[in-house]
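> Going left to right, the sequence shown walks through residues 1 to 418 as the UniProt record's numbering numbers them. Can you keep this structure in mind? I'll have questions shortly.
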Amino acid sequence: MDISRLWGIGKALRALVELERKARYTGDPENRRARFHLQLVSRNWRDAFILVLTCAIFALINVRWIMQYRLGSVPSLDEAGYLTFAFQYFYALRDGGFWNWVYTIQGPSIFSPLTAASASLVFYFFGKHLVAAYMATLAAGIVTIVSTYAISIRIMGRQQALICLILIASLPAVIDYTRTFEFALPVTAATCVALYCLVRTDHMRSLPWAIAFGFCVGLMPLFRTMTLAFIPGMAMGAFVYSLSHPGGYPSTAKRLLWAFFLLLLAAAVAIAVAMTWFWGNAEGVFQYLTNYGYGAKATEFGPSHFWWGTIVAILSALFIIHLPHALFLAAGGVAMIVYLARSYASGRRRTVKAIFQSPVTPIAIFVALASAVLLTSSNKGSAFALPIIPLTIILAVWAIFRPERLSAATNLRLPYIL
Numbered sequence: 001m002d003i004s005r006l007w008g009i010g011k012a013l014r015a016l017v018e019l020e021r022k023a024r025y026t027g028d029p030e031n032r033r034a035r036f037h038l039q040l041v042s043r044n045w046r047d048a049f050i051l052v053l054t055c056a057i058f059a060l061i062n063v064r065w066i067m068q069y070r071l072g073s074v075p076s077l078d079e080a081g082y083l084t085f086a087f088q089y090f091y092a093l094r095d096g097g098f099w100n101w102v103y104t105i106q107g108p109s110i111f112s113p114l115t116a117a118s119a120s121l122v123f124y125f126f127g128k129h130l131v132a133a134y135m136a137t138l139a140a141g142i143v144t145i146v147s148t149y150a151i152s153i154r155i156m157g158r159q160q161a162l163i164c165l166i167l168i169a170s171l172p173a174v175i176d177y178t179r180t181f182e183f184a185l186p187v188t189a190a191t192c193v194a195l196y197c198l199v200r201t202d203h204m205r206s207l208p209w210a211i212a213f214g215f216c217v218g219l220m221p222l223f224r225t226m227t228l229a230f231i232p233g234m235a236m237g238a239f240v241y242s243l244s245h246p247g248g249y250p251s252t253a254k255r256l257l258w259a260f261f262l263l264l265l266a267a268a269v270a271i272a273v274a275m276t277w278f279w280g281n282a283e284g285v286f287q288y289l290t291n292y293g294y295g296a297k298a299t300e301f302g303p304s305h306f307w308w309g310t311i312v313a314i315l316s317a318l319f320i321i322h323l324p325h326a327l328f329l330a331a332g333g334v335a336m337i338v339y340l341a342r343s344y345a346s347g348r349r350r351t352v353k354a355i356f357q358s359p360v361t362p363i364a365i366f367v368a369l370a371s372a373v374l375l376t377s378s379n380k381g382s383a384f385a386l387p388i389i390p391l392t393i394i395l396a397v398w399a400i401f402r403p404e405r406l407s408a409a410t411n412l413r414l415p416y417i418l
């Protein structure tokens, strides 16, 4: 960098300092506006710094653990199978180029290809080593943390988002699946990003975010086929979310017409993305899911009873949540019930309107319907529930620390109290 550029940067910094000084000591509206913008920029930089610092600590801790405990260890049976696919895709890319890699990924299989495909790219760029495969799941963990933090800021505020950031980054299930090469964390990342895009559509009014939402929903079954059962919950949440917020349009009919058009467009994008692999593998995947998800083979993985057996299985797997997180979720559930009861008591029409307008609604609908899907299957493993758990934490934080209920002074104290 030459001297003239350094001199220009120095002048710009001096101008910013002078502008802030004038804004602080003068009553000019222009200066007050400039001070507000400076505070906003500084707050955004602070949020970005906290997020980057959290992700860096998360990555360093997990990389150290992987290097210390996974090097030289024997992978699990599932990991060995998925790593076989990753090495197969890597050799296809190395020996035959990009299109041979794509052709190999689209080959006959009943297992979703994108996790192994991501690892094959890591092998290609950083070397064929077992530790490199875990970098794919580590990246998925970071994406999960970032996307849930972004959702929290969007629907609540910075202080509540900080609580979500701490809880999700310290969640044992997220940490454990960062250190294993399985499908659970990548599909969790895709699910959280999809819901972030849905919230950003602003009640299905934004064309780019609607397309991004459809794209991420299409990626979900490509990371794990069983999330096909979660897509109706995602669709229902998007539909309900699109039925409100008529501002900016001359009539409700035109707004709804545009929202339904974007819904159909998002659905078309999701189907197009998913069919890039399901076109040649749908029959095998259907047979696999109906046999091992709901068929005769399903009872090998969990109880066949719908309610009691499911509750016992979930309670026995609470270690994936950790007791402090579980207590927080329980408190959030109680707070949500109290909030809904009080809202209903204050007026049915007002409650329905608030539900339709809230960006929390599509997340709550997705969590409720996805949980109902898991209750109907004998597969009760923690990996199947992982896409729901971070979103449930967001709902719990929202219910306990609702922005409209808390004063600014209380908000400032919450992270330190926690």
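Ideal Cβ placement from N, Cα and C applies to all residues, glycine included. Since we're looking at a predicted model, the values are computed, not measured.
(1) Once DSSP output is grouped into helix, strand and coil, what is the label at Tyr25?
(2) Is Asn281 helix, strand or coil when you go by DSSP?
(3) Only counting the same chain, and skipping five residues up and downstream in sequence, which positions put a Cβ closer than 6 Å to that of Met67?
(4) For Gly332, is the classification buried or exposed, using 16 other Cβ atoms within 10 angstroms of its Cβ as the cut-off for buried?
(5) Could you tell me which uninterrupted alpha helix (DSSP H) segments, each at least 4 residues in length, are contained entirely in the region 143-191, listed from first to last along the chain?
(6) So, at 6 Å on beta carbons, what are the nonlocal neighbours of Val122 in its own chain, with the 5 sequence-adjacent residues on each side left out?
(7) Would you call the region 179-193 and the region 213-226 touching, i.e. three or more CB-CB distances under 8 Å?
(8) Less than 8 Å between the CB atoms is what I'm expecting for Ile211 and Leu265, so what's the real figure, rounded?
(9) I'd like the span of the alpha helix (DSSP H) that includes Ala78, first residue to last.
(10) To the nearest angstrom, how far is it from the Cα of Cys164 to the Cα of Phe366?
(11) Mapping the DSSP letters down to three states, classify residue 419 as helix, strand or coil.
(12) Taking all protein chains shown into account, decide if Leu323 is buried (16 or more other Cβ within 10 angstroms of its Cβ) or exposed.
(13) Give me the residue from Gly96, Ala341, Asn62, Ala259 with the minimum Cα distance to Leu171.
(14) Quick check: the Cα distance between Ala364 and Asp95, rounded to an integer number of angstroms?
(15) Flag this pair as yes or no: are the beta carbons of Pro390 and Thr148 separated by less than 8 Å?
(16) Beta-carbon within less than 6 Å of Asn411's beta-carbon, same chain only, minus the 5 sequence neighbours each way: which residues are those?
(17) Is it right to say Ala282 is buried, meaning 16 or more other beta carbons lie within 10 angstroms of its own, or is it exposed?
(18) Could you check what DSSP says for Thr290 in three-state terms: helix, strand or coil?
(19) If we ignore side chains and look at the alpha-carbon of each, how far apart do Thr84 and Trp258 end up?
(20) Between the C-alpha atoms of Thr104 and Ala92, what's the straight-line distance to the nearest angstrom?
(21) Between the C-alpha atoms of Ser206 and His129, what's the straight-line distance to the nearest angstrom?
(22) DSSP three-state call for Gln106: helix, strand or coil?
Taking the coordinates as given:
(1) In this prediction, Tyr25 has a pLDDT of 46, which is less than 50 and means its spatial position is unreliable; nothing more can be read from the coordinates.
(2) Asn281 falls in the coil class under three-state DSSP.
(3) none
(4) Classification for Gly332: buried.
(5) Counting only unbroken stretches of 4 or more residues, the alpha helix (DSSP H) elements lying wholly within the region 143-191 are 158-169, 172-178, in sequence order.
(6) Ala132, Met135, Ala136
(7) When Cβ pairs closer than 8 Å are counted between the two stretches, the region 179-193 is seen to touch the region 213-226, the count reaching three or more.
(8) 7 Å
(9) Reading off the sequence, residue 78 comes out as Asp, not Ala. Per DSSP, Asp78 belongs to the alpha helix (DSSP H) from 77-96.
(10) Between the alpha carbons of Cys164 and Phe366 lies a gap of roughly 18 Å.
(11) Residue 419 lies beyond the range of the chain shown here (1 to 418); nothing can be said about it.
(12) By the 10 Å Cβ count, Leu323 comes out exposed.
(13) Asn62
(14) Spanning the two alpha carbons is a distance of roughly 46 Å.
(15) yes
(16) Note that Asn411 has pLDDT 43, beneath the 50 cutoff, so the model's placement of it is unreliable and the number below is only indicative. The residues are Gln159.
(17) exposed
(18) helix
(19) 46 Å
(20) 7 Å
(21) The alpha-carbon atoms of Ser206 and His129 are separated by roughly 42 Å.
(22) coil
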